[in-house]
Amino acid sequence: MSPHLGMPQRDHVRLDWHTPDRVLERVRPVAWTCGCRATVYELFQGGGQGFIRRTLQLDDGHRVDESHRWSIAKARATWMALLSGKAR
Ligand SMILES: [Zn+2]
């Protein structure tokens, strides 16, 4: 089941999003949020690293942004913070 994000908390951590500059190989999504929302988040892992991809579904296409690369442990912790509204 794909979760929905909780409302961002008042003092939530603001993640640094940037436009992906290259296509990464050997990464795969391991978790994702429900596609019924305009913004879908995916947790990617590969090569000992993890990151979060944010896709904004627009009428005329998609806009994709990505987080920094982290260790898998940090990426998973950030994913949980995202879901609970502690980060966005
Ligand atoms: Zn949904």
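The sequence shown begins at -8 in our numbering and counts up one residue at a time. Glycine is no exception: its CB is placed at the ideal position from the N, C-alpha and C atoms. For clarity, every value in this text was computed on a predicted model and none was experimentally measured.
#1: What does the alpha-carbon distance come out to for the pair Gln40 and Ser(-7)?
#2: For Ala29, which option in Leu(-4), Ser75, Ile63 has the closest C-alpha, if you only look at C-alpha atoms?
#3: For the candidate residues Gln48, Met71, Ser75, Asp56, whose alpha-carbon lies nearest to that of Cys27?
#4: Measuring straight from C-alpha to C-alpha, what distance separates Trp8 and Ile63?
#5: Please confirm whether Trp61 and Phe42 have their CB atoms less than 8 Å apart.
#6: Which residues in the same chain as Glu16 place their Cβ atom closer than 6 Å to its Cβ, once the five residues preceding and following it in sequence are excluded?
#7: Restricting to runs no shorter than 3 residues, where is the beta strand (DSSP E) found entirely within the stretch 8 to 60?
So, to answer that:
#1: As a first step, residue 40 is located in the sequence shown; it is residue number 49 there, counting from the start. As a first step, residue -7 is located in the sequence shown; it is residue number 2 there, counting from the start. Looking at the two C-alpha atoms, the distance is approximately 22 Å.
#2: Looking up residue 29 in the sequence shown gives position 38. Ala29 has its Cα closest to that of Leu(-4), out of Leu(-4), Ser75, Ile63.
#3: Along the sequence shown, one-based indexing puts residue 27 at 36. Measuring from the Cα of Cys27, the nearest candidate turns out to be Gln48.
#4: Residue numbering aside, residue 8 sits at position 17 when the sequence shown is read from its first letter. Residue numbering aside, residue 63 sits at position 72 when the sequence shown is read from its first letter. Going from the Cα of Trp8 to the Cα of Ile63 covers about 18 Å.
#5: For the purposes of this step, residue 61 is identified with residue 70 of the sequence shown, where counting begins at 1. For the purposes of this step, residue 42 is identified with residue 51 of the sequence shown, where counting begins at 1. In contact: Trp61 and Phe42 (Cβ atoms closer than 8 Å).
#6: For this step, residue 16 is matched to residue 25 along the sequence shown. Hits under 6 Å: none found.
#7: 19 to 23, 30 to 37, 40 to 49, 52 to 57
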